[in-house]
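Here the sequence shown is numbered in my numbering, starting from 154 and rising by one per residue.
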Amino acid sequence: MSNTQKQKNTLFSYFSTNKKICLENDEAASEEEEHELLQSTSKPITNINDIGNIVDKSFLKDADTKLVLTNLWVPDTKYNFPILECNKKRGLKFQHKWLHEFKWLCYSEIKSGAFCKHCVLFAKSGGVGSQSLGNLVTEPFTNWKKAKEVFRYHMNCKYHLSAVLDSEHFLKVLNKEEPSIIERIDRNRMTQVEENRKRLRPIIECILLCGREELALRGHKDFGSISVDEDALRQGNFRAILKYRAKGDDFLRSILEGPGKRNKYTSPTIQNDIIESCNTILLKKIAKKVNESKCFSVLADETTDISTKEQLAICVRYVSDDNMLHEDFLQFFEIESLTGEALANSILNINHDLYYSIK
């Protein structure tokens, strides 16, 4: 082998130079991709609040409705509206001036068509038989040749006018200018509650008066309407006191002499319900005082009523916070056996029913 050949066969002669070309090509490709990426990210996003994002939603939140009515995307005057395939022959496209002429109209860049923002929100169906609506509501309108004709017809449709009113009401509720339906229902309910309480107050006060004075509520005739100015004998203390009070109380008179029989709250059933409610309230108040005291004792005595039923009279003695001794009657309880064990079990069960506990 000659010296010339030895000099040519160097270390670098065993490696290919094509690698350099590949690296150069890869660098050029990466630079081109980076440039395209920068261009794509630098494009302005103009359709974030596009109505096309709302049309396909099956359920709209209040935030979606608020966005459409107050912050919807609107193309600027320099926006280049596309010419769609169906309009290429005439070269027609959406006109920006339509947005000013028809305030309800909006354009969707995503759907490449026009919509009615009010009907998209509140009129998914309408027309004869409440049919599902298409153009301007669930589908974009793109027939620009008949655009103004269709727009004028749409703005006079009943479902569109109703949707506009719904939009106005939504904004008024949103701005606290009008109460919502829930608030109205709640207000009506509270008004009815206050009205019923006002009706019941004189009835309850008459029952409490009879209870304090140990007067029997009922007489020979304890049913039927109550006439304030009519003299009727043996109607009972409750009805007599109500009539006497109604002579100076126009509201109570209107209740007693007004139409209807079920809303007067004077029947024996209502009287018993009110007495039972008073009993529950009094027992809870006494039990609260007993539970707060350091000690108490239970007094029980057996007695027989007029119907020969065995009853147990329960009283409680306790010391209040001001170191005063109190003895309160609680209630009569019917018992079946007079043995010591039966009476003891009855007292323990009664204590539980009367809201206080023996520790």
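C-beta atoms are modelled at their ideal positions from N, C-alpha and C, and glycine is treated no differently.
Taking the Cα positions, L435 is about 9 Å away from L483. Put simply, of I503, L452 and F391 the residue whose alpha carbon is nearest the alpha carbon of I423 is F391. If you ignore the 5 residues before and after K298, its C-beta comes within less than 8 Å of the C-beta of N240, R243 and L245, all in its own chain and listed in chain order. For S285, the pairing in a beta bridge is given by DSSP as S278. Q345 sits exposed, since fewer than 16 C-beta atoms from the chains shown fall within 10 Å of its C-beta.
Remark: fewer than three beta-carbon pairs, one from each stretch, lie closer than 8 Å, so the stretch 357-372 and the stretch 249-259 are not flagged as touching. With a cutoff of 8 Å on beta-carbon distance, Y260 and F247 are scored as near each other. Secondary-structure assignment with DSSP links G266 through a beta bridge to S261. The C-alpha of G411 is placed about 15 Å away from the C-alpha of K351. Residue state for T344 is assigned as helix, using DSSP reduced to three classes. Straight through space, the alpha carbons of K277 and S285 are spaced by roughly 6 Å. Non-local beta-carbon contacts of I394 in its own chain, meaning distances under 8 Å to residues more than five positions away in sequence, involve C359, L362 and C363 in chain order.
When rounded, the separation of the alpha-carbon atoms in E336 and P421 is 37 Å. C-alpha of N425 to C-alpha of L370: approximately 10 Å in a straight line. Comparing C-alpha distances from E455 to each of K447, K462, A466 and F449 shows the shortest one belongs to A466. Here S450 is exposed, its C-beta having fewer than 16 other C-beta atoms within 10 Å.
E489 and L452 have their C-alpha atoms roughly 19 Å apart. With fewer than 16 neighbouring CB atoms inside 10 Å of its own CB, Y306 falls in the exposed class. In this structure, V208 lies near F268, with their beta-carbon atoms less than 8 Å apart. Y397 and I428 have their C-alpha atoms some 21 Å from each other.
With distances taken between CA atoms, K438 lies nearest to S473 out of S473, I204 and H271. Judged by their CB atoms, C272 and H313 are nearer to each other than the 8 Å cut-off. The C-alpha of V227 lies about 38 Å from the C-alpha of I338. Excluding the 5 residues flanking it on each side, L237 has same chain C-beta neighbours closer than 7 Å at S265 and T295, in chain order. Between L222 and S315 a beta carbon distance of about 15 Å is seen, past the 8 Å cut, so the two are scored as non-contacting. With at least 16 other beta carbons inside 10 angstroms of its own, Y471 counts as buried. The Cβ neighbour count for P332, taken over all protein chains shown within 10 Å, is under 16; the residue is labelled exposed.
By the criterion of a C-beta distance shorter than 6 Å, R387 is surrounded in its chain by G372 and H373, once the five residues flanking it on both sides are discounted.
Taking a 10 Å sphere around the C-beta of G389, we find 16 or more other C-beta atoms and assign the residue as buried. Pairing G401 with I379, the inter-Cα distance amounts to about 15 Å. Residue environment analysis places G287 among the exposed positions, since fewer than 16 neighbouring C-beta atoms fall within 10 angstroms of its C-beta.
Look at Q484 here: in three-state DSSP terms it is strand.
Going by beta carbons, N233 and N202 fall outside the 8 Å limit. In summary, I334 is exposed, with fewer than 16 beta-carbon neighbours lying within 10 Å of its beta-carbon over all protein chains present. Taking 3 residues as the shortest admissible run, the stretch 410-465 contains the following complete beta strand (DSSP E) segments, listed from N- to C-terminal end: 449-457.
For R365, the three-state secondary structure derived from DSSP is helix.
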